[in-house]
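I have placed the structure first, in the form of C-alpha cells, so that the comments after it can refer back to it.
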Amino acid sequence: MKEQLLEIKQKAMNHIEQSPSLKELDHIRVQYLGKKGEITKLLRGMGSLPKEERPKVGAVANEIREEIESFLNTKIQELEKHQQEERLQKETLDITYEPPLPRIGHFHPLIQTLEELEDLFVEMGFTVYAGPEIESVENNFDALNAPKDHPSRNPSDTFYIDKDTLLRTHTSPVQIRAMKNHGAPLRIVSSGRVFRPDDVDDTHSPMFHQLEGLVVDKHVSLANLIHTLDIFIKEMFGEDMETRYRPHDFPFTEPSVEVDVTCHSCHGKGCGACSYTGWSMELLGAGMVHPNVLKHCGIDPEVYSGFAFGMGIDRIAMVKYGINDIRLLFDNDVNFLSQF
Ligand code: PHE
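Just so we're aligned, residue 0 is where the sequence shown starts under numbering that gives the first Met the number 0, counting upward by one.
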C-alpha cells in the first residue's frame, strides 16, 4: 500500500507540475485530496492490513497529503503572481491623458447684463428691490398717474388677466410698491420681465426685460438724474460715450426725458446700426417723479422730490454685444449663447 501511495504522490506531483491554470489545480486538489479522492479511496482498503501496519501507512498517507498540499499551494502562488505581472504589463497607465472636460455652462448674456447693471447701481448706493410680474391695474397705471384714457391701457397694448389684474407692462409699478412699503428717503433699482402684446420682429418681443431706478429724497433735482445716468452710461459702455436728453412724455414723471447714447458700433460717426444718426436711440426713459405719484404713496411732494428711470435690458445687451436680432436672446440656441 505504501508503494501505491508513493505512486499516487508521483502522479499528483507530475500533474501539478504540468498544470497551466488555477482552475485545473482546483480539480487536482479534489481528485487527489478530496473526500472521494484517490488517497481516501486507497485508505479505505486499510482494513485488510495487519493491525500494526495500519498506523505506519496512515502516517505515510498524511505525509504525502501534506506534501501534495504544499506543492499545490506553491504552484497556485506562482501562477497568481505570474497572472498579476501579466496584468500590470498590459494595463499601462497614461498619466499624460487628459479626459474630455464636461461642458460647463454660464449665465445667459441677458442675465450677465442685468447683473452688471445691478452691480453698478449697488456701487452707487442703490438697493435691489423685487416686484411681481402679475400686477394690479392700480400699481401698473392708476398710481402712476396714467389717465383713464391713456393709450397704453388699451388691451392691444396690455395683457389683462381680468379687469383689475395684468401682466406688468413695465417695471415702474415697483416704484409704487417701494414707496408705499418704505416711504422716503429711498434709492432702489428693480429689474425683471415685462410684457406687451407686440408682434415679434428683430427688435420686438412680447416679453422683454427692464431695469427701473428710483431715488426719493430732499432736494433731488434733474441735475442729479442727469449726473447719475451719465456716470452709469460711461461705466457701462466706456468713457467716450456721450448722452443726449430729449423731452418726452410719461404720465408718472414731470419733466420727462428720453435718453440716447453714442452709437456703440460707430462711436458717433454714423453707420447702418444707428441709421447714420450717430446715436443709439431710446435706450432709456427718465424724469422727475410726478407730485401726484409721491402724494398717492403718502410722500409729501413739498418736502421730498425724486427721479426715476427705466431702461430696456435687452436693448442694452444687444448694443453691448453687437446682437442685431432680439429673437436670438430667446431662441436658446446653445451655439449662439456659448459665444458670450
Ligand atoms: N416705464 C417707462 C417705460 O416703460 C420708462 C420710465 C421709467 C420712464 C421711469 C420714466 C421713469 O417706457
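Backbone N, C-alpha and C fix where the C-beta goes; we use that ideal spot for every residue, glycine too.
In this text the structure is predicted, and so the values were computed from the model without any measurement.
Note that the region 35-46 touches the region 3-16; at least 3 beta-carbon pairs, one per stretch, sit closer than 8 Å.
Burial check for GLU211: the Cβ neighbour count within 10 Å reaches 16 or more, so the residue is buried.
Rounded to whole angstroms, the separation of the alpha carbons of GLU52 and GLY46 is 10 Å. Relative to the ligand PHE, THR252 has its C-beta within less than 7 Å of a heavy atom. Here DSSP, grouped into helix, strand and coil, assigns GLU241 to coil.
Under the three-state reduction of DSSP, VAL302 is assigned to coil, being neither helix nor strand.
Each residue's CA atom was taken as its position, placing ARG314 and ASP201 some 11 Å apart. Fewer than three Cβ pairs drawn from the region 212-222 and the region 319-339 lie within less than 8 Å of each other, which leaves the two stretches out of contact. If you check the C-beta of HIS208 against the ligand PHE, you find no heavy atom less than 7 Å away.
Counting every other CB atom within 10 Å of its CB across the protein chains shown gives LEU165 a total of 16 or more, marking it as buried. Contact check for VAL188 against VAL256 fails: the beta carbons are separated by 8 Å or more. Nearest neighbour of VAL302 by Cα position, chosen from VAL219, ASN139, MET0 and ARG86, turns out to be VAL219. Between the region 269-279 and the region 173-182 there are fewer than three inter-stretch CB-CB distances shorter than 8 Å, so the stretches are not counted as touching. Shown here, PHE308 sits in a strand according to DSSP, grouped into three states. The secondary-structure analysis by DSSP pairs HIS208 across a beta bridge with ARG192. Counting along the chain, the unbroken alpha helix (DSSP H) around PRO290 starts and ends at 290-295. For GLN209, same chain residues with a beta-carbon under 8 Å away, outside a window of 5 residues either side, are HIS169, THR170, SER190, GLY191, VAL193, GLY309, MET310, GLY311 and ILE312 in chain order. Within the region 136-198, the beta strand (DSSP E) runs of at least 3 residues that lie entirely inside it are, in chain order, 159-161, 164-166 and 185-194.
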